[in-house]
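The block underneath contains the structure these notes are about, expressed in structure tokens.
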Amino acid sequence: MAFGGGGYAISRPLAKALAGVLDSCLMRYPNLYGSDARIFSCLAELGVSLTHEPGFHQDDLWGNLFGLLSSHPLSPLISLHHVERMQSIFPNMTKIQALKHLFKAANADPTRISQQTICYDRNNSLSISVAWGYAIQVYEGNIKLPDLITVLRTFEPWDKDKKRPRFMFRTRVESNDPCKKMVAFLKSVDSYGNNVWTNYARYRVGKTCAKDGNKIKNLEEIRVFSRKLDADTRQSQLGLSDWNWLKSASGEFIYKHVYSS
106 MAFGGGGYAI SRPLAKALAG VLDSCLMRYP NLYGSDARIF SCLAELGVSL THEPGFHQDD
166 LWGNLFGLLS SHPLSPLISL HHVERMQSIF PNMTKIQALK HLFKAANADP TRISQQTICY
226 DRNNSLSISV AWGYAIQVYE GNIKLPDLIT VLRTFEPWDK DKKRPRFMFR TRVESNDPCK
286 KMVAFLKSVD SYGNNVWTNY ARYRVGKTCA KDGNKIKNLE EIRVFSRKLD ADTRQSQLGL
346 SDWNWLKSAS GEFIYKHVYS S
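The numbering used here numbers the first residue of the sequence shown as 106 and each following residue consecutively.
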């Protein structure tokens, strides 16, 4: 359940049991706000506790949703609530255009959309964070895994009056130094059977890196190959391999990596 209306899912037997007591139960909780709190209380009366589902998102936030979408856990993305209040999730697109663009990847592999995968290029000392079907971040140097999976603070809390915003997850603030990181957003999706190719184009804004020898300075496009996830198969049992190619502006391959999904 995502409190505030972001969605909830219950089993068929539980829905049948709830239907038999719903009218009388709702009468007992007139003081509760919204259907989510009331349904939560009615289910509690039936002895059913809440199960956390990381794919439901009640996005009571302001600003840019990039930090959340680029660090999504290995769980299906089920709902995004209040996205109309946020900035467009893709640059240079309206909110509607951006959502339609995201669905190009979601339609190709709905179970994998936005899930974060971390990999490292030891030869070039690069750290790569892939939010499949959405964006890729490439960092100079070897960044520790706990730092890469911590949500990047690109948004503000819904209640702007609070001096100390409270989130149910850790956040981090990142430097805007163009020599330390580049971001590439989803450009296009190609699929054939169970094979999916997603292409990501670099998004440049503000200052550019002028440092000689910087490995990400000329990196312009990233192409990721993956095989469609089977929603009925546990991820721990998947023996699939994804190949990443990172291209520079000159077309030279500077990085290739295989990781298990």
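Heads up, the beta-carbon is just placed ideally off N, CA and C, and yes, glycines get one too.
1. Between which residues of its own chain and R339 is the CB-CB distance below 6 Å, once the five residues before and five after are set aside?
2. Roughly how many whole angstroms lie between the Cα atoms of F330 and V310?
3. Pull up the DSSP beta-bridge partners for T222, would you.
4. Determine the closest residue to E261 out of I241, P283, G172 and A315, with distance taken between C-alpha atoms.
5. Rounded to a whole number of angstroms, what is the C-alpha to C-alpha distance between A122 and S280?
6. Quick check: what's the CA-CA separation for S232 versus A240?
7. Are the segment 297-306 and the segment 242-260 in contact at 8 Å, needing three or more beta carbon pairs?
8. Classify I115 as helix, strand or coil using the three-state DSSP reduction.
9. What does R307 pair with, by DSSP beta-bridge criteria?
10. Distance, Cα to Cα, G246 vs P159?
11. Note down, in chain order, each residue of its chain lying with its Cβ closer than 6 Å to the Cβ of Q220, except the 5 sequence neighbours on either side.
12. DSSP three-state label for V126, please.
13. Is DSSP giving V256 helix, strand or coil here?
14. For the beta strand (DSSP E) that contains F330, what are its first and last residues?
15. Per the DSSP calculation, L166 is bridged to which residue(s)?
16. How would you call Q242, buried or exposed, if buried means at least 16 neighbouring beta carbons within 10 angstroms?
17. Looking at C-alpha atoms only, which residue of W167, R133, S140 and I115 is the closest neighbour of S154?
18. Taking Cβ to Cβ, would you say L148 is nearer than 9 Å to L185?
19. Going by the beta-carbon positions, is the gap between D214 and S296 smaller than 9 Å?
20. Does the Cβ of L250 have 16 or more other Cβ atoms within 10 Å, making it buried, or fewer, making it exposed?
21. Please return the same chain residues whose Cβ sits closer than 8 Å to the Cβ of R275, not counting the five positions on each side in sequence.
This is what the structure holds:
1. With a pLDDT of 45 at R339, under the threshold of 50, the predicted position of this residue should be treated as unreliable, though the coordinate-derived value follows. Closer than 6 Å at Cβ, skipping near neighbours: no residue.
2. 27 Å
3. V235
4. G172
5. 52 Å
6. 14 Å
7. no
8. coil
9. A289
10. 30 Å
11. H177, L179 and W237
12. helix
13. strand
14. L324 to R332
15. P262
16. buried
17. I115
18. no
19. yes
20. exposed
21. T255 and V256
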